[in-house]
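Working notes, beginning with the structure itself.
Numbering (the numbering used here), first residue to last: 14 to 339.
Structure, rendered in structure tokens:
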């Protein structure tokens with residue numbers, strides 16, 4: 014963190030075309046400098062949980078270079094296990110499936126929930142603007158759905174129960190997960206039975222601010238959420254684009270899922286969008302059972318940034334209960 018702060022302090026704004034600190038800046042010569050979310054840890058066997066992980070290519074470089082990190086719980090060699098397809102956050106422009114933050118979190122979740130985890134490593138903006146993240150995530154879901162295909166890893170082929178599949182993501186990853194569920198309603202993947210989706214502090218937004226958003230934007234000293242969307246999705250129609258604002262989407266009834274868990278944090282600027290998401294789903298005619306779970310006194314992705322906080326373990330238990338409830 015100290016190194017990132019030093020790097021941010023040395024930026025000459027006269028050389029910059031896009032200033033999205035603390036995430037990144039883009040220089041006039043096209044260089045992208047990221048200040049966070051760039052650390053990688055290798056796949057391994059976790060010494061605490063015994064969870065095994067490994068990286069697998071889904072698409073070759075010439076087709077996008079999509080990969081996933083698989084996690085298998087200790088003792089996962091007996092019987093078939095539910096599958097959690099997880100999509101990381103980071104504003105569409107930072108982080109990866111190999112990020113220490115996500116790797117540690119998914120080791121714990123894999124162990125506690127006793128599920129196979131498929132963590133999607135999608136391409137990032139601005140080098141690969143949205144909808145690249147959607148397409149890469151869709152490719153990963155299709156790869157899982159092949160089930161017994163020749164190019165599917167044995168952990169999926171021999172251990173996955175594809176009749177019990179869950180999608181989850183945080184922040185931008187929750188946005189992606191929402192759109193993947195919607196796409197599954199139109200483009201069925203044979204043998205993939207989607208049971209539920211978990212949207213953690215989803216990155217949804219809109220032109221008109223709702224609830225406490227204006228107050229929180231003022232308190233934070235800036236409105237990064239407005240600027241970020243146009244940056245990562247330059248082809249967008251604006252902040253009311255259905256990609257970022259589900260309230261403007263006329264096709265929400267197409268969501269192909271039995272149950273939805275929307276997680277919000279009291280101090281998060283995005284909090285009210287989570288509650289709004291439940292409202293617009295119910296009004297759309299979507300038949301999914303939707304619940305909103307709020308963590309009081311916490312901010313955006315607190316469970317990842319401060320995994321030792323008092324609320325992190327109870328929140329993990331809520332996620333595990335959702336995954337184990339069907």
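Quick reminder that beta carbons are idealized off the backbone N, C-alpha and C, glycines included.
* **Endpoints, beta strand (DSSP E) assigned at residue 207** => Segment 207-213, the beta strand (DSSP E) holding residue 207.
* If residue 275 sits next to residue 305, beta carbons under 8 Å apart, how far is it from one beta carbon to the other, in whole angstroms? -> That belief holds up - the Cβ atoms of residue 275 and residue 305 are roughly 5 Å apart, short of 8 Å.
* To do: Grab the span of the beta strand (DSSP E) containing residue 235 for me, first residue to last.
  => Careful: residue 235 lies outside any beta strand (DSSP E) and carries neither H nor E.
* Counting pairs of beta carbons, one from the segment 142-154 and one from the segment 184-192, are three or more of them closer than 8 Å? -> Between the segment 142-154 and the segment 184-192, the count of Cβ pairs shorter than 8 Å is three or higher; the stretches touch.
* Asked: Looking only at DSSP bridge pairs, what is residue 282 linked to?
  -> Residue 282 pairs with nothing; no bridge assigned.
* Out of 63, 62, 78, state which residue places its alpha-carbon closest to the alpha-carbon of residue 69. => The option with the nearest alpha carbon to residue 69 is 78.
* To do: Identify the continuous beta strand (DSSP E) that holds residue 86 and give its terminal residues.
  => For residue 86, there is no enclosing beta strand (DSSP E), as DSSP marks it with neither H nor E.
* Asked: Hey, residue 98 and residue 157: beta-carbon distance below 8 Å or not?
  -> Result yes, Cβ atoms of residue 98 and residue 157 sit closer than 8 Å.
* Asked: Fully enclosed by the segment 108-156, which alpha helix (DSSP H) runs are 4 residues long or longer?
  -> DSSP runs (the alpha helix (DSSP H)) wholly in the segment 108-156: 113-126.
* To do: Could you say which of 302, 284, 36 lies nearest to residue 46 if we only look at CA atoms?
  => Checked all of 302, 284, 36; the closest Cα to residue 46 is 36.
* **Rounded separation between residue 122 and residue 284 - CA only** => Distance between the alpha carbons of residue 122 and residue 284: 23 Å.
* Taking the alpha-carbon positions, what's the residue 334 to residue 61 distance? -> Using only the alpha carbons, I get a separation of about 21 Å.
* **Under 8 Å between C-beta atoms of residue 130 and residue 83** => It is a contact, given that the beta carbons lie within the stated cut-off.
* What is the residue span of the alpha helix (DSSP H) that residue 79 lies within? -> Element bounds for residue 79: n/a, residue is neither H nor E.
* So the alpha helix (DSSP H) residue 263 belongs to, where does it begin and stop? -> Per DSSP, residue 263 belongs to no alpha helix (DSSP H) and is neither H nor E.
* **Contact set for residue 125: own chain, Cβ-Cβ below 6 Å, skip 5 residues either direction** => By the criterion of a C-beta distance shorter than 6 Å, residue 125 is surrounded in its chain by 333, once the five residues flanking it on both sides are discounted.
* **C-alpha gap between residue 226 and residue 141, whole angstroms** => C-alpha separation (whole angstroms): 29 Å.
* Asked: Straight-line CA distance for residue 22 to residue 196?
  -> Their backbone Cα atoms lie some 42 Å apart in a straight line.
* **Contacting residues, own chain, Cβ-Cβ under 6 Å from residue 96 (five flanking each side not counted)** => Within the same chain, and ignoring the five residues on either side of residue 96 in sequence, the residues whose Cβ sits closer than 6 Å to its Cβ are 129, 173, 178.
* Considering only C-alpha positions, which residue in the set 17, 116, 319, 155 is nearest to residue 49? -> Checking every option, the nearest Cα to that of residue 49 belongs to 17.
* To do: Identify the continuous alpha helix (DSSP H) that holds residue 67 and give its terminal residues.
  => Per DSSP, residue 67 lies in no alpha helix (DSSP H) segment; the continuous beta strand (DSSP E) that holds it begins and ends at 65-70.
* **Sequence-distant residues of the same chain with beta carbon closer than 6 Å to residue 134, five excluded per side** => Around residue 134: 80, 109, 110.
* To do: Determine the burial state of residue 311: buried for a count of at least 16 other Cβ atoms within 10 Å of its Cβ, exposed for fewer.
  => Buried, since its Cβ has 16 or more Cβ neighbours within 10 Å.
* State yes or no: is the C-beta of residue 301 within less than 8 Å of the C-beta of residue 268? => Yes, these two residues count as a Cβ contact at 8 Å.
* Asked: Anyone know if the C-beta pair for residue 264 and residue 208 falls short of 8 Å?
  -> Going by C-beta atoms, residue 264 is not nearer than 8 Å to residue 208.
* Asked: What residue range is occupied by the uninterrupted alpha helix (DSSP H) comprising residue 331?
  -> It spans 325-336 - the alpha helix (DSSP H) in which residue 331 sits, taken as one unbroken run.
* To do: Look up residue 97 in the DSSP assignment and say whether it is helix, strand or coil.
  => The answer is strand: DSSP assigns residue 97 an E or B state.
* To do: Compare the beta carbon distance of residue 320 and residue 115 with 8 Å and say whether it is the shorter of the two.
  => Taking 8 Å as the Cβ cut-off, residue 320 and residue 115 do not qualify as a contacting pair.
* The beta strand (DSSP E) enclosing residue 32, as first and last residue numbers -> Its beta strand (DSSP E) spans residues 29-33.
* Beta-carbon gap between residue 138 and residue 245 smaller than 8 Å -> Their beta carbons are under 8 Å apart, which means residue 138 touches residue 245 by this criterion.
* **Inter-residue CB distance, residue 182 and residue 287 (contact presumed, cutoff 8 Å)** => No, residue 182 and residue 287 are not in contact; Cβ-Cβ is about 13 Å, not under 8 Å.
* May I have the straight-line CA-CA distance separating residue 368 from residue 52, to the nearest angstrom? => Residue 368 is absent from the model: the chain starts at 14 and stops at 339.
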